[in-house]
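Peer 1:
Written as structure tokens, this is what we have:
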């Protein structure tokens with residue numbers, strides 16, 4: 030319990046996250062392969078098992094999701110987001126703590142890169158949006174990215190959850 034409170038204090042994340050009944054507390058550490066702007070695959074250095082996580086509390090453009098420059102030119106926002114996350118992570122070792130399965134049965138995780146929360150760093154850089162359906166923890170950094178036209182905020186785009194819904198029609 031003391032460790033959980035210390036982690037909450039250290040990371041600046043609300044302590045309530047560390048006491049959620051769905052929080053399984055399984056840690057996975059290793060180098061990540063970036064699948065998309067909000068999905069990683071990590072081979073655990075402890076046991077060699079491969080894990081795929083969707084980053085909890087954020088939502089990035091899908092790989093095939095376009096967005097538009099202010100001049101009307103179309104660009105692949107999802108690919109830009111994936112490449113930006115690769116640049117943020119570089120070759121860093123991550124520690125990911127899984128939370129729960131989301132509505133699509135994917136395991137979600139909060140990932141740390143040293144003392145930084147990767148999920149928040151991606152939103153701060155503007156390459157993902159705060160996913161309000163899961164958390165409001167990243168809304169402030171999203172607002173700053175939006176005000177400073179960082180990442181996807183430099184473009185005209187549809188939020189990823191709306192874009193996915195429109196693709197199913």
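Numbering (my numbering), first residue to last: 30 to 198. Yeah, the Cβ is synthetic: ideal placement off N, Cα and C, and Gly gets one too. Note that this is a predicted model, so its numbers are computed, not measured.
Have a look at residue 159 and residue 170 and give me their C-alpha separation to the nearest angstrom.
Peer 2: The count along the chain shown starts at 1 and reaches residue 159 at position 130. The count along the chain shown starts at 1 and reaches residue 170 at position 141. Approximately 8 Å between the Cα atoms of the pair.
Peer 1: Quick one, which of 146, 123, 109 has its alpha-carbon nearest residue 81's?
Peer 2: Translated into the one-based positions of the chain shown, residue 81 becomes position 52. Residue nearest to residue 81 within the set 146, 123, 109 is 123 (criterion: CA-CA distance).
Peer 1: Only counting the same chain, and skipping five residues up and downstream in sequence, which positions put a Cβ closer than 8 Å to that of residue 115?
Peer 2: As a working mapping, residue 115 is identified with position 86 in the chain shown. 63.
Peer 1: Taking the alpha-carbon positions, what's the residue 109 to residue 55 distance?
Peer 2: The residue given as residue 109 occupies position 80 in the chain shown. The residue given as residue 55 occupies position 26 in the chain shown. Each residue's alpha carbon lies about 30 Å from the other.
Peer 1: First and last residue of the beta strand (DSSP E) that includes residue 63?
Peer 2: Here residue 63 corresponds to residue number 34 of the chain shown, with the count starting at 1. Residue 63 -> beta strand (DSSP E) spans 56-65.
Peer 1: Report the rounded CA-to-CA distance for residue 89 versus residue 167, giving the unit in angstroms.
Peer 2: Counting from one through the chain shown, the residue named residue 89 turns up at place 60. Counting from one through the chain shown, the residue named residue 167 turns up at place 138. Answer to the nearest angstrom: the Cα atoms are 13 Å apart.
Peer 1: Do residue 157 and residue 67 come within 7 Å of each other at the CB atom, strictly closer than that value?
Peer 2: Mapped onto the chain shown, residue 67 falls at position 38. Mapped onto the chain shown, residue 157 falls at position 128. Yes. Within cutoff.
Peer 1: When DSSP labels each residue in this structure, what does residue 179 get in the three-state scheme?
Peer 2: As a first step, residue 179 is located in the chain shown; it is residue number 150 there, counting from the start. Reduced to three states, the DSSP call for residue 179 is coil.
Peer 1: Pull up the CB-CB distance for residue 138 and residue 125, whole angstroms please, since I reckon it's below 8 Å.
Peer 2: The sequence position of residue 138 within the chain shown is 109, counting from 1. The sequence position of residue 125 within the chain shown is 96, counting from 1. Residue 138 to residue 125, Cβ: 4 Å. Contact.
Peer 1: In its own chain, which residues sit with a C-beta less than 6 Å from the C-beta of residue 182, not counting the 5 before and 5 after it?
Peer 2: Within the chain shown, the letter at position 153 stands for residue 182. Excluding positions up to five away in sequence, the list reads 155, 174, 175.
Peer 1: Straight-line CA distance for residue 121 to residue 150?
Peer 2: Within the chain shown, residue 121 is the residue found at index 92, counting from 1. Within the chain shown, residue 150 is the residue found at index 121, counting from 1. The straight-line gap from Cα to Cα measures roughly 14 Å.
Peer 1: Can you tell me where the alpha helix (DSSP H) holding residue 147 begins and where it ends?
Peer 2: Taking the chain shown and counting its residues from 1, one reaches residue 147 at position 118. Element bounds for residue 147: 147-153.
Peer 1: Just to confirm the assignment, what range does the alpha helix (DSSP H) spanning residue 117 have?
Peer 2: As a first step, residue 117 must be located in the chain shown, where it is residue number 88. Where residue 117 is concerned, the enclosing alpha helix (DSSP H) stretches over 106-118.
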